[in-house]
Amino acid sequence: MPSMLDAVVVGAGPNGLTAAVELARRGFSVALFEAKGTVGGGSRTEELTLPGFRHDPCAAAHPLGVNSPAFRGMPLDRYGLEWLHPELPMAHPFPDGTAAVLARSVAETAASFGPRDAGAYRRLVEPFLPKWDRLLRDFMSLPATALPRDPVALARFGLAGLPPSTWLTRRFRDDRAKALISGLVAHVIAPLNGFATGAVGLVFALAAHAAGWPVARGGSQAIADALAAYLKDLGGAVHTDYEVKRLDDLPPARAYVFDTSPAALARIAGLGRYYDGYRYGAGVFKIDYALDGPVPWTAQEARRAGTVQIGSSSAEIGTALHAASRAGRAPEKPFLITVQPGVVDPSRAPEGKHVFWAYGHVPNGWDGDLTDAIERQLERFAPGFRDLVLARATAGPPQLAVRNANYVGGDIACGAAAGLQLLLRPKLSLSPYTTPHPAVFLCSSATPPGPGVHGMSGHNAARAVWRRLRRA
Ligand SMILES: Cc1cc2nc3c(=O)[nH]c(=O)nc-3n(C[C@H](O)[C@H](O)[C@H](O)COP(=O)(O)OP(=O)(O)OC[C@H]3O[C@@H](n4cnc5c(N)ncnc54)[C@H](O)[C@@H]3O)c2cc1C
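With my numbering as the guide, the letters of the sequence shown map in order to residues 125 to 596.
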């Protein structure tokens with residue numbers, strides 16, 4: 125290791141790894157320090173239940189990863205990353221046994237909303253698709269210091285997306301499209317009537333049409349492992365089992381880049397109350413299942429989808445989100461996001477068996493048990509589900525916060541996605557990656573574009589770092 129490194133990165137989540145890679149590939153010397161025994165953060169795979177069952181304890185479905193401009197700019201396939209696409213990216217079943225779907229094809233998706241809403245859906249998404257690559261790059265670089273690549277498309281997207289999702293769903297007459305889009309907004313734990321939540325729904329839908337919602341072959345660990353292997357080939361060093369508590373724990377460097385929560389960064393770097401205004405949001409209660417067979421969904425579409433949303437109506441989803449984020453109680457009928465990688469990746473479990481996960485939202489720091497409520501919801505849409513359970517691993521907010529210090533109070537988005545904080549995080553600033561300390565930077569999902577395995581916060585932060593290093 126040189127006596128003075130160019131950059132030290134703290135935290136080997138997708139954003140920390142991406143920041144380290146972006147700096148190393150530009151010739152800077154980089155070392156990365158991770159508290160846990162393996163790299164990955166929210167992109168890990170572990171045998172959480174029984175031998176041979178490979179679970180993703182956090183992220184499993186990757187609409188943002190496969191679409192990510194940062195990941196697309198790296199040769200991650202050479203380091204073992206392979207995206208596997210389920211026949212349907214996502215399905216949203218209803219109690220009558222039918223389902224709306226988010227398919228690769230706009231026409232198939234629109235048809236699943238019924239004849240009264242098919243045209244409205246096509247008119248909503250089709251204008252954006254030809255410009256998707258530039259649009260996504262512009263959106264994921266906000267608040268941009270550089271000029272948008274396509275300011276007209278971005279402005280049009282802003283007109284549709286900046287109002288609350290409840291405005292966006294007013295275009296639809298029936299509840300099928302409304303429920304599916306409300307569920308998409310809930311992926312970032314945003315209130316349905318919140319500022320810019322329309323954009324969240326649109327990004328997830330457009331991502332499905334543009335590039336799908338794949339899983340990574342073998343599990344999400346493959347994404348982190350590919351990033352770490354690429355980093356090492358570029359000369360970067362990776363140290364695990366190394367929790368950073370103070371800046372003095374780190375070797376001398378010209379820049380320190382933190383893939384941590386703002387609260388942890390303030391503590392470690394002595395930034396005082398700088399991030400005191402930053403709010404953390406609702407937590408989640410997650411269950412990883414080892415199953416004796418595939419989930420027996422009543423709706424056939426759900427049997428072909430990688431991700432399945434469970435919420436019988438937009439109202440039920442809104443009520444569940446409100447209970448967890450505003451009313452401070454666990455929802456009676458939680459809205460569930462579930463992922464079944466086995467529909468496309470048999471390597472996750474012994475022959476004929478499956479891994480499956482589901483989570484619902486609960487108040488920040490909640491320490492109850494949501495297992496029964498989650499399984500009652502699953503039984504509504506997949507009768508007989510409980511009979512297939514071989515083993516389950518549950519994790520509520522306290523356990524999630526132990527798994528990863530960034531999940532403050534079980535908030536897997538590392539900060540509430542509500543109000544302006546959805547887009548402008550961790551503070552109202554045009555340079556959210558810099559801090560009052562000139563050598564200290566933040567690159568976690570507490571910075572734009574926010575939660576998800578996409579590496580774009582790390583990519584954007586690395587840009588701020590190399591500009592500063594080159595100026596110096
Ligand atoms: C249950 C669950 C389901 C999810 N599902 C999806 C999904 O399907 N698709 C998707 O795209 N996203 C999903 N996410 C969100 C996604 O995992 C995160 O948004 C993403 O991992 C954030 O990346 P990050 O690099 O900012 O931080 P993280 O991935 O959280 O990584 C931070 C890393 O920093 C380390 N660290 C923290 N403090 C220190 C310290 N002081 N010293 C050293 N190391 C430290 C942590 O150990 C961790 O490894 C899910 C998350 C959870 C928990």
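Cβ coordinates follow ideal geometry from the N, Cα and C atoms, glycine included.
From a predicted model like this one, the values you see are computed outputs, not experimental measurements.
Applying the criterion that 16 or more other CB atoms from any shown protein chain within 10 Å of the CB defines a buried residue, is VAL526 buried or exposed?
Mapped onto the sequence shown, residue 526 falls at position 402. When all chains shown are included, VAL526 counts as exposed.
What's the call for MET128, buried or exposed, on a 16-neighbour Cβ count within 10 Å?
As a position in the sequence shown, residue 128 is number 4, starting the count at 1. With fewer than 16 Cβ atoms within 10 Å of its Cβ, MET128 is classed as exposed.
Can you check whether the CB of ALA303 is closer than 8 Å to the CB of GLY435?
Walking along the sequence shown from the start, residue 435 turns up at place 311. Walking along the sequence shown from the start, residue 303 turns up at place 179. Yes, the pair counts as a contact, with Cβ atoms nearer than the cut-off.
Is there at least one non-hydrogen atom of ligand 1 closer than 7 Å to the beta-carbon of GLN183?
By one-based count along the sequence shown, residue 183 stands at place 59. For the record, residue 183 in the displayed sequence is Ala; it is not Gln. Yes, since a heavy atom of ligand 1 falls inside the 7 Å radius drawn around the Cβ of ALA183.
Once DSSP output is grouped into helix, strand and coil, what is the label at VAL564?
One-based indexing of the sequence shown puts residue 564 at position 440. It is a strand residue.
Going by alpha carbons, who is nearest to LEU524 out of ASP535, GLY135, TYR398 and ALA515?
Translated into positions along the sequence shown, residue 524 becomes position 400. If we check each option's Cα against that of LEU524, ASP535 comes out closest.
By DSSP, does LEU514 sit in helix, in strand, or in coil?
As a first step, residue 514 must be located in the sequence shown, where it is residue number 390. Here LEU514 sits in strand by DSSP.
Please report the straight-line C-alpha distance between ARG597 and PRO375, rounded to a whole angstrom.
Given that the chain is displayed from residue 125 to residue 596, the structure contains no residue 597 and the question cannot be resolved.
Could you round the C-beta distance between ASP241 and ARG300 to whole angstroms and report it? I think they count as a contact, below 8 Å.
If you number the sequence shown from 1, residue 241 lands on position 117. If you number the sequence shown from 1, residue 300 lands on position 176. That pair is a contact at about 7 Å.
Going by the C-beta, is ASN528 closer than 7 Å to any heavy atom of ligand 1?
For the purposes of this step, residue 528 is identified with residue 404 of the sequence shown, where counting begins at 1. Result yes, Cβ under 7 Å from ligand 1.
Jot down the residue ranges of each uninterrupted alpha helix (DSSP H) in the segment 342-403, minimum 4 residues, whole runs only, in chain order.
Taking only runs of at least 4 residues, the alpha helix (DSSP H) segments lying wholly in the segment 342-403 are 345-357 and 386-393.
Suppose the cutoff is 7 Å on Cβ atoms and the five residues either side in sequence are ignored; what does the same chain contact list for GLY543 look like?
Stepping through the sequence shown from its first residue, residue 543 is reached at position 419. Same-chain partners within the cutoff: GLY318 and PHE319.
To the nearest angstrom, how far is the alpha carbon of SER187 from that of LEU308?
Start at 1 with the first residue of the sequence shown, and residue 187 comes out as number 63. Start at 1 with the first residue of the sequence shown, and residue 308 comes out as number 184. Going by the sequence as given, residue 187 is Pro instead of Ser. If I take the Cα positions, the gap works out to 11 Å.
Between which two residues does the alpha helix (DSSP H) harbouring PRO487 extend?
For the purposes of this step, residue 487 is taken as the residue at position 363 of the sequence shown. That residue, PRO487, is in no alpha helix (DSSP H); it is neither H nor E in DSSP.
Run the proximity test for TYR557: is its beta-carbon closer than 7 Å to any non-hydrogen atom belonging to ligand 1?
Along the sequence shown, one-based indexing puts residue 557 at 433. TYR557: no, Cβ never under 7 Å from ligand 1.
Can you tell me whether VAL276 is buried or exposed, with buried defined as 16 or more other CB within 10 angstroms of its CB?
Mapped onto the sequence shown, residue 276 falls at position 152. Classification of VAL276: exposed, given that the 10 Å Cβ count is below 16.
For SER449 and PRO315, which I take to be in contact (beta-carbon distance under 8 Å), what is that distance rounded to the nearest angstrom?
Position 325 of the sequence shown, counting from 1, holds the residue named residue 449. Position 191 of the sequence shown, counting from 1, holds the residue named residue 315. SER449 to PRO315, Cβ: 6 Å. Contact.
How is PRO193 classed by DSSP in three states: helix, strand or coil?
Taking the first residue of the sequence shown as 1, we reach residue 193 at position 69. Three-state DSSP puts PRO193 in a helix.
Going straight from the alpha carbon of SER581 to that of PRO420, what length do you get?
The residue labelled residue 581 in the question sits at position 457 within the sequence shown. The residue labelled residue 420 in the question sits at position 296 within the sequence shown. Approximately 38 Å between the Cα atoms of the pair.
Select from ARG595, ARG591 and GLY574 the residue whose C-alpha is nearest the C-alpha of PRO138.
Position 14 of the sequence shown, counted from the first residue, corresponds to residue 138. For PRO138, the nearest C-alpha among the options comes from GLY574.
Leaving aside the five residues before and after SER192 along the sequence, list all residues of the same chain whose C-beta is less than 7 Å from its C-beta, in chain order.
On the sequence shown, residue 192 is found 68 positions in, with the first residue counted as 1. Only HIS578, GLY579 and MET580 meet the Cβ criterion.
Can we count PHE157 as close to ligand 1, meaning its CB is less than 7 Å from some heavy atom?
Translated into positions along the sequence shown, residue 157 becomes position 33. Checking every heavy atom of ligand 1 against the Cβ of PHE157, one is found closer than 7 Å.
Let's test the definition: count the other Cβ atoms within 10 Å of the Cβ of SER229 and tell me whether it reaches 16, buried, or not, exposed.
Start at 1 with the first residue of the sequence shown, and residue 229 comes out as number 105. Answer is exposed; the Cβ neighbour count stays below 16.
Are the CB atoms of GLY484 and LEU494 nearer to each other than 8 Å?
Walking along the sequence shown from the start, residue 484 turns up at place 360. Walking along the sequence shown from the start, residue 494 turns up at place 370. Taking 8 Å as the Cβ cut-off, GLY484 and LEU494 qualify as a contacting pair.
Whole angstroms is fine: what's the gap from PRO522's alpha carbon to GLY492's?
Here residue 522 is taken as the residue at index 398 of the sequence shown, counted from 1. Here residue 492 is taken as the residue at index 368 of the sequence shown, counted from 1. Cα to Cα, PRO522 sits roughly 10 Å from GLY492.
Check whether the segment 350-364 and the segment 282-293 are in contact - that is, three or more C-beta pairs closer than 8 Å.
With a cut-off of 8 Å, the segment 282-293 and the segment 350-364 do not count as touching, because too few Cβ pairs lie within range.
Can you give me the Cβ contacts of ASN528 inside the same chain, cut-off strictly under 7 Å, excluding the 5 residues immediately before and after it?
Your numbering for residue 528 matches position 404 in the sequence shown. Closer than 7 Å at the Cβ level, and outside the excluded window around ASN528, lie GLY165 and GLY166.
Note down the Cα distance separating ALA185 from PHE505, rounded to an integer number of angstroms.
Taking the sequence shown and counting its residues from 1, one reaches residue 185 at position 61. Taking the sequence shown and counting its residues from 1, one reaches residue 505 at position 381. So the alpha carbons of these two residues sit roughly 20 Å apart.
Kindly list the residues whose CB is nearer than 7 Å to the CB of GLY204, restricted to its own chain and excluding five residues on each side of it in sequence; keep chain order.
Position 80 of the sequence shown, counting from 1, holds the residue named residue 204. Answer for GLY204: ALA346, ASP349 and ALA350, listed in chain order.
Using DSSP with H/G/I as helix, E/B as strand and the rest coil, what is VAL163?
The residue labelled residue 163 in the question sits at position 39 within the sequence shown. Here VAL163 sits in coil by DSSP.
Taking only heavy atoms of ligand 1 into account, decide whether any of them is closer than 7 Å to the Cβ of THR169.
Counting from one through the sequence shown, the residue named residue 169 turns up at place 45. No, Cβ of THR169 sits at least 7 Å from all heavy atoms of ligand 1.
Grab me the residues of ALA323's own chain with a C-beta within less than 6 Å of its C-beta, minus the 5 sequence neighbours each way, in chain order.
Taking the first residue of the sequence shown as position 1, residue 323 is located at position 199. Correct list, in chain order: GLY285.
Within 8 Å, do at least three Cβ pairs link the segment 463-481 to the segment 324-333?
No, they do not touch.
Tell me, please, whether the segment 252-262 touches the segment 361-373 by the rule of three or more beta-carbon pairs shorter than 8 Å.
No, the segment 252-262 is not in contact with the segment 361-373.
For GLY176 versus ALA473, is the C-beta spacing smaller than 8 Å?
Here residue 176 is taken as the residue at index 52 of the sequence shown, counted from 1. Here residue 473 is taken as the residue at index 349 of the sequence shown, counted from 1. In contact: GLY176 and ALA473 (Cβ atoms closer than 8 Å).
What I want to know is whether the C-beta of LYS356 ends up closer than 7 Å to one or more non-hydrogen atoms of ligand 1.
The residue given as residue 356 occupies position 232 in the sequence shown. LYS356 Cβ: outside cutoff for every heavy atom of ligand 1.
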